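Its first residue numbered 11, the sequence shown is counted upward by one per residue in the working numbering.
Here a beta-carbon is modelled for each residue, glycine too, at the ideal position from N, C-alpha and C.
From a predicted model like this one, the values you see are computed outputs, not experimental measurements.
See below for the structure under consideration.
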Amino acid sequence: MISLFDPITIKDQTIKNRIVMPPMCMYSAEGGYATDFHVIHYASRAIGGVGLIIVEATAVLPNGRITNQDLGLYEDEHVKSLKWITKQIRQYDSVSCIQLNHAGRKSKADGKLMAPSAIAFGTNDVPVAMSIDDIKEVINAFRSAAHRALEAGFDMIEIHAAHGYLLHEFMSPLANKRTDHYGGILENRSRLLREVVEAVRDVFPMDKPVSLRISAEDYVKEGLHPTDWVEAIKLIPHGYVDLIHVSSGGIVLVDIDAYPGYQLSFAKKIKRETRIPTIAGGLIEDPFMASGVLQENEADLIYFGRLSLREPYFPLRFAKQLRIDLPWPKQYERSKK
Ligand SMILES: Cc1cc2nc3c(=O)[nH]c(=O)nc-3n(C[C@H](O)[C@H](O)[C@H](O)COP(=O)(O)O)c2cc1C
């Protein structure tokens with residue numbers, strides 16, 4: 011039976027357990043640069059035993075930041091401050107991943123507000139509908155950022171196509187009303203996503219894993235549903251994406267009936283129908299529930315977001331609760347009960 015503490019190998023990376031820290035913006039960067047806070051923050055979770063650490067949404071262009079305090083990889087100089095993070099994560103035996111993002115019409119950062127169509131999110135400003143040159147700039151920016159992520163030492167890259175940011179905006183008929191070959195039928199709405207994945211793969215070696223974060227459900231009838239994502243993922247060349255990180259919502263403001271595991275059915279469908287491993291989660295904080303999800307083969311890894319903010323060493327507690335004798339960080343061995 012699969013345990014939360016069994017390793018999993020994806021391409022050239024072996025993740026020591028199934029516990030994932032999902033990307034969570036800390037809004038503490040300065041000019042896109044990581045600070046000492048980031049190094050301590052991510053190193054603590056690695057010491058705490060998280061198997062896969064996905065560093066927060068990191069912008070590929072200045073106007074792709076959610077706020078001016080987001081991390082960036084839009085300049086070569088950004089690489090240096092991120093190297094410290096990957097070094098620490100590796101030193102404590104975790105796998106490092108970075109989420110690359112363009113915030114599209116949800117950006118509150120300086121610069122031109124851009125989106126597939128001139129439709130505002132909530133009460134935000136109305137964005138400019140992107141020209142073909144704007145689209146090319148974004149694709150090139152993802153390629154350059156992926157190259158810098160490799161230089162910074164990341165083992166894995168995650169492409170952010172969830173939560174109402176640019177790639178999700180192109181995918182969803184709620185935000186994309188274009189009439190060119192980036193709008194209309196799903197094959198067109200998913201074109202930018204494919205072009206971004208291909209650009210990332212131009213520079214990020216095929217033997218290294220790439221994850222795709224998606225909002226599987228828009229919670230509006232006219233929006234996206236898991237079936238649409240299955241179709242879009244199947245259009246991506248085989249082997250380009252190795253993990254689907256399943257979240258939901260964010261494209262429009264709607265009330266979501268959220269409870270522990272509320273997104274699991276989406277992850278299960280995506281896994282079954284694409285045959286690509288998934289990371290599932292959402293309000294899951296119980297190690298027994300998480301183990302059950304793995305044992306039922308509903309997902310391959312589980313993410314714990316707010317729990318990992320609240321309690322950086324939660325994997326050590328989980329092991330104890332599951333009666334698994336995990337080696338502790340040697341500095342803390344005398345505190346192990
Ligand atoms: C402070 C904070 C920042 C977040 N930033 C990101 C982000 O950068 N990228 C992303 O995909 N999701 C982001 N999320 C969503 C989380 O990755 C996760 O999906 C969400 O917290 C639900 O999981 P949980 O119930 O285990 O916390 C953020 C969540 C929080 C609480």
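In the structure shown, I261 adopts coil according to DSSP, grouped into three states. Note on geometry: alpha-carbon atoms of Y323 and I129 lie some 42 Å from one another. When the five nearest sequence neighbours on each side are left out, the beta carbons in the same chain lying within less than 7 Å of the beta carbon of S200 are those of M181, A242 and L245, in order along the chain. Per DSSP, Q305 has no beta-bridge partner at all. DSSP places L245 in no beta strand (DSSP E); its state is neither H nor E.
Where H170 is concerned, the enclosing beta strand (DSSP E) starts and stops at M166 to A171.
Residues M166, I167, E168, I169, V207, V210, R211, F214, Y250, V251, D252 and L253 of the same chain have their beta carbon placed closer than 8 Å to that of V220, with the five preceding and five following residues left out of the count. Nearest to Q98 by alpha-carbon distance, out of Y52, R75 and E66, is Y52.
Within the DSSP bridge table, the entry for N111 names A69 as partners. Within the chosen limit of 7 Å, ligand 1 does not reach the beta carbon of S225 with any heavy atom. Here V30 is bridged, per DSSP, to L62 and Y313. In the DSSP assignment, T284 falls within the unbroken alpha helix (DSSP H) covering L274 to T284.
Runs of beta strand (DSSP E) with 3 or more residues, each lying fully within the region 123–198, are found at 166–171, listed in chain order. According to the DSSP assignment, T45 belongs to no beta strand (DSSP E), since it is labelled neither H nor E. Taking 8 Å as the cut-off, the Cβ atoms of S13 and I334 count as close. For L202, the secondary structure class from DSSP, reduced to helix, strand or coil, is helix.
Rounded to the nearest whole angstrom, the C-alpha separation of D46 and T96 is 13 Å.
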